[in-house]
Structures are given as structure tokens and as C-alpha cells.
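Below is one structure, written out as C-alpha cells; the observations come after it.
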Amino acid sequence: MNIFRLLGDLSHLLAIIILLVKIWKTRSCAGISGKSQILFAVVYTSRYLDLINAFISPYNTIMKIVFLAASYGTIYLMYMKFKATYDVNHDTFRIEFLIAPAAVLALIVNHAFEPLEILWTFSIYLESVAILPQLFLVSKTGEAESITSHYLFMLGSYRALYIFNWIYRYYAENHYDLIAIVAGIVQTVLYCDFFYLYITKVLKGKKLQLPA
Amino acid sequence: MKKNSNHDEL
Numbered sequence: 047m048n049i050f051r052l053l054g055d056l057s058h059l060l061a062i063i064i065l066l067v068k069i070w071k072t073r074s075c076a077g078i079s080g081k082s083q084i085l086f087a088v089v090y091t092s093r094y095l096d097l098i099n100a101f102i103s104p105y106n107t108i109m110k111i112v113f114l115a116a117s118y119g120t121i122y123l124m125y126m127k128f129k130a131t132y133d134v135n136h137d138t139f140r141i142e143f144l145i146a147p148a149a150v151l152a153l154i155v156n157h158a159f160e161p162l163e164i165l166w167t168f169s170i171y172l173e174s175v176a177i178l179p180q181l182f183l184v185s186k187t188g189e190a191e192s193i194t195s196h197y198l199f200m201l202g203s204y205r206a207l208y209i210f211n212w213i214y215r216y217y218a219e220n221h222y223d224l225i226a227i228v229a230g231i232v233q234t235v236l237y238c239d240f241f242y243l244y245i246t247k248v249l250k251g252k253k254l255q256l257p258a
Numbered sequence: 005m006k007k008n009s010n011h012d013e014l
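As given, the protein sequences belong to chains X and B, one line each in that order. Reminder that position 129 of the first sequence reads as 175 in this note's numbering, one-by-one numbering, no gaps. Reminder that position 4 of the second sequence reads as 8 in this note's numbering, one-by-one numbering, no gaps.
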């Protein structure tokens, strides 16, 4: 564990909490992509199946359980409790176009051709693009509430911090995992455009609004 | 080859 990894995990946790609290407090999930939330649930489920057969540390186990629970909790709030507020007409990204290529790639490029390993690889590939439906929703409506922007910023920061974590681990522990690194860089790049808008607009108190 | 138990990140 190093400071980048810890801060990355905390940003991730904070992003998830921001989203849950936003939906709960406003009694609305307007502006949030249910498709992205489904993809994240698929990501965590396929990755954290190793809860059954691998123990890393209490920290690791607790975080995995929290991510899984929060992810399914978000889906419950969006698709059941506050379904009436869900922006279904704008959330039109076809997630099969992300799931199918991630599955095929996981079968071809992996560390070992074993069921759990392939599921882990699939989760890494899918996570790298899971935010696309959310970014697509923001681009379709042309704006995002500040709180949604904060959520996206924390989620992007988590990925950027993980890159620093991998650089650190490469030098300090001689540890690296090319699959995670390449997918993580792809994922971080997807946030770059958003980071720019966040820093130039949201932090100056303006709403995140795309040019018409 | 890395085994699944080596995936120590979240």
C-alpha cells in the first residue's frame, strides 16, 4: 500500500458515496446514467468473485464488499425507488457494444486462460470504458449538475492516482501488470476532456455546460 | 503468468 493507491481508493469511495447521497438527498437520479451504473456493477461482480478464493487483507475485503453493496444500492435507487426520475430517454448508450468487445478481448489477451482470471481481465477491460454511457448522457443533455461533476471528477481522480501508484510500484516493488496499466491509461484518457471542463468551469462556480 | 491471487488492487 502506498499513498497514491490509498488516495485513489479513497477518491473511488468518495465518488460512490457522493452519488448515493446525491440521489438520496434530492430523491432524484436525473442526469445519472443507469447504463454506466449497471456496467460498474458487472465490473465489481466479475472482479470481486475472488472474495471466495483469495484473501489479500481485511482492508481489501472490506472495500470490495463496500463497492459491491454501494453499486447494487445505486442500481436499486435508480431502477426501483426513484425510477420515475431516471432520465431514460437520454440514457441511450448501447452497453452491449462495450460488454461484447471487452469479453472477446478478455478471452484473447489475458494472464492465464482460467475462469476467474478471464473474469478479472474482462472486468478490467470493461471498467476502462464503463463511464462512456455517463459521458454520452452529459454530452446529449449538454450539461451536468455540479454534484454530478464532482462525482465524475472523483472517479477520474481515482484512475489518475492509480497510474501514479503503478509507477511507484514499478520502481519500489518491481511490480507491474500490463493489462491493468494499459486499461487504466485508456480509462484515465477518457476523463481528460471532462477534467478540462471541470477545472475551467465547475471550480469557478459555473455549471458544467457544453458549447451548443 | 500471474495467478488471480496476485491481483491485490481494487
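Glycine residues also receive a C-beta, built at the ideal position from the N, C-alpha and C atoms.
Expected contact under 8 Å - CB spacing of residue i and residue j to nearest Å
i	j	result
X:Phe-113	X:Tyr-132	In fact, because the Cβ distance is near 22 Å, the residues do not count as touching under 8 Å.
X:Thr-194	X:Ile-78	7 Å
X:Phe-159	X:Phe-50	No, X:Phe-159 and X:Phe-50 are not in contact; Cβ-Cβ is about 31 Å, not under 8 Å.
X:Ser-57	X:Ser-169	Not quite, the Cβ-Cβ distance comes to about 19 Å (not below 8 Å), so this is no contact.
X:Ile-84	X:Ile-121	7 Å
X:Ala-243	X:Leu-53	The question names Ala, yet the displayed sequence has Leu at residue 243 of chain X. No, X:Leu-243 and X:Leu-53 are not in contact; Cβ-Cβ is about 23 Å, not under 8 Å.
X:Tyr-204	X:Ala-61	7 Å
Proximity winner among the options, relative to residue i (alpha-carbon distances)
i	options	result
X:Leu-236	X:Phe-182, X:Leu-59, X:Trp-212, X:Ile-193	X:Phe-182
X:Ala-87	X:Thr-234, X:Val-67, X:Lys-68, X:Ala-116	X:Ala-116
X:Thr-234	X:Gly-251, X:Val-175, X:Tyr-216	X:Val-175
X:Glu-142	X:Ser-82, X:Arg-205, X:Asp-55, X:Leu-249	X:Ser-82
X:Met-109	X:Ser-74, X:Ile-69, X:Asp-96, X:Leu-59	X:Leu-59
X:Ala-226	X:Pro-179, X:Thr-167, X:Leu-201, X:Leu-254	X:Thr-167
X:Ala-152	X:Leu-144, X:Leu-165, X:Leu-256	X:Leu-165
B:Asn-10	X:Leu-256, X:Glu-191, X:Ala-100, X:Leu-66	X:Ala-100
Chain X within 8 Å of residue i, Cβ atoms only
i	result
B:Leu-14	yes
B:Asn-8	Here the model assigns B:Asn-8 a pLDDT of 42, short of 50, so the residue's position is not dependable, and the following value carries that caveat. Output row for B:Asn-8: interface = yes.
B:His-11	yes
Residue-level contact to chain B via CB, residue i, 8 Å cutoff
i	result
X:Met-109	yes
X:Arg-51	yes
X:Ile-102	yes
X:Asn-48	no
X:Asn-106	yes
X:Trp-166	yes
X:Asp-96	yes
X:Asp-239	no
Any chain D beta carbon closer than 8 Å to residue i
i	result
X:Leu-123	In the displayed structure, chain D is absent; the protein chains listed are X and B.
Going along the chain, which residues of the stretch 122 to 148 of chain X sit with their C-beta nearer than 9 Å to a C-beta in chain B? none
Along the chain, which unbroken stretches of the alpha helix (DSSP H) at least 4 residues long are found entirely within the stretch 134 to 207 of chain X? 142 to 154, 161 to 175, 178 to 187
Write down every uninterrupted run of the beta strand (DSSP E) in the stretch 53 to 85 of chain X whose length is 3 residues or greater and which is fully enclosed by it, in chain order. none
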